[in-house]
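Novice: Quick one: the structure is below, questions incoming.
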Ligand code: ADP
Ligand code: NI
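Residue numbers (this note's numbering): 66 to 279.
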């Protein structure tokens, strides 16, 4: 492993100490590993993939009063201190800026393959058993209801509505998690997503069965 990657790992671990369990170092580690796995199936610059995966949630706006610029500032400062090339810094910052689900309406067209890979990896970690666990953890963190049969999912939310949403955690499956499978960019990503998608459907079936005690 090269020194820059090693230093980035230490930096991210330190920065994310005490983070919410769904957005902590272990989330980053899973996304990093998934990114490397997908990268093996694509022609890409693996350094850019790894650095972007490691830095993608360094300052998530959800936990910084909605500020979308901190992650870019923090990452640039770190990479400059590490004497990374300007071209590398720009490529990584572009990925961090455009990876997010809620920003998908604003992303430019013709995204670089390195972004597509890390975005798939991040989305894969949002679904399946881990995705379910992360989602309930985040819902609990926000003190949202797990489920309320009287609250319908909102399928066409604007970015602002999505960020403000205090809907139920079960609704988040319909508002985001179940949509991810069809948004995968890479063939390998899609393959991994399919199994996890099916597991969420199974989970939801069982959830309703247990909810509706008869
Ligand atoms: P991104 O950072 O890609 O824009 P999100 O902000 O949608 O992604 O959230 C990342 C993860 O945080 C989700 O996959 C989910 O686990 C959790 N999360 C976000 N919003 C909610 C919510 N309203 N209810 C439950 N979990 C959520
Ligand atoms: Ni993430």
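Quick reminder that beta carbons are idealized off the backbone N, C-alpha and C, glycines included.
For the ligand NI, list every residue whose C-beta falls under 7 Å from any of its heavy atoms, going in chain order.
Specialist: 88, 92, 96, 121, 122, 187, 190
Novice: For the alpha helix (DSSP H) that contains residue 67, what are its first and last residues?
Specialist: Unbroken run through residue 67: none, as it is neither H nor E.
Novice: So is residue 132 buried or exposed if we call it buried at 16+ other beta carbons inside 10 Å?
Specialist: exposed
Novice: Under 6 Å from any heavy atom of the ligand ADP, does the C-beta of residue 134 make it?
Specialist: no
Novice: Could you give the uninterrupted runs of the beta strand (DSSP E) lying entirely in the segment 94-122, keeping only those of 3 residues or more?
Specialist: DSSP runs (the beta strand (DSSP E)) wholly in the segment 94-122: none.
Novice: State yes or no: is the C-beta of residue 230 nearer than 6 Å to some heavy atom of the ligand ADP?
Specialist: yes
Novice: Starting from residue 278, follow the alpha helix (DSSP H) in both directions and report where the run begins and ends.
Specialist: Premise fails: residue 278 is in no alpha helix (DSSP H) and is neither H nor E.
Novice: Secondary structure at residue 134, three-state DSSP: helix, strand or coil?
Specialist: coil
Novice: Restricting to Cα atoms, I'd like to know which of 118, 84, 85 is closest to residue 99.
Specialist: Of 118, 84, 85, the residue nearest in Cα terms is 118.
Novice: Taking only three categories from DSSP, how would you classify residue 84?
Specialist: Coil, per DSSP.
Novice: Report, in whole angstroms, the separation of the C-beta atoms of residue 254 and residue 185, which I expect to be a contact under 8 Å.
Specialist: 3 Å
Novice: Return the Cβ separation of residue 245 and residue 192 in integer angstroms, given the expectation that the two are a contact with Cβ distance under 8 Å.
Specialist: 6 Å
Novice: One question on the structure: do residue 233 and residue 210 come within less than 7 Å of each other, judged by their Cβ atoms?
Specialist: yes
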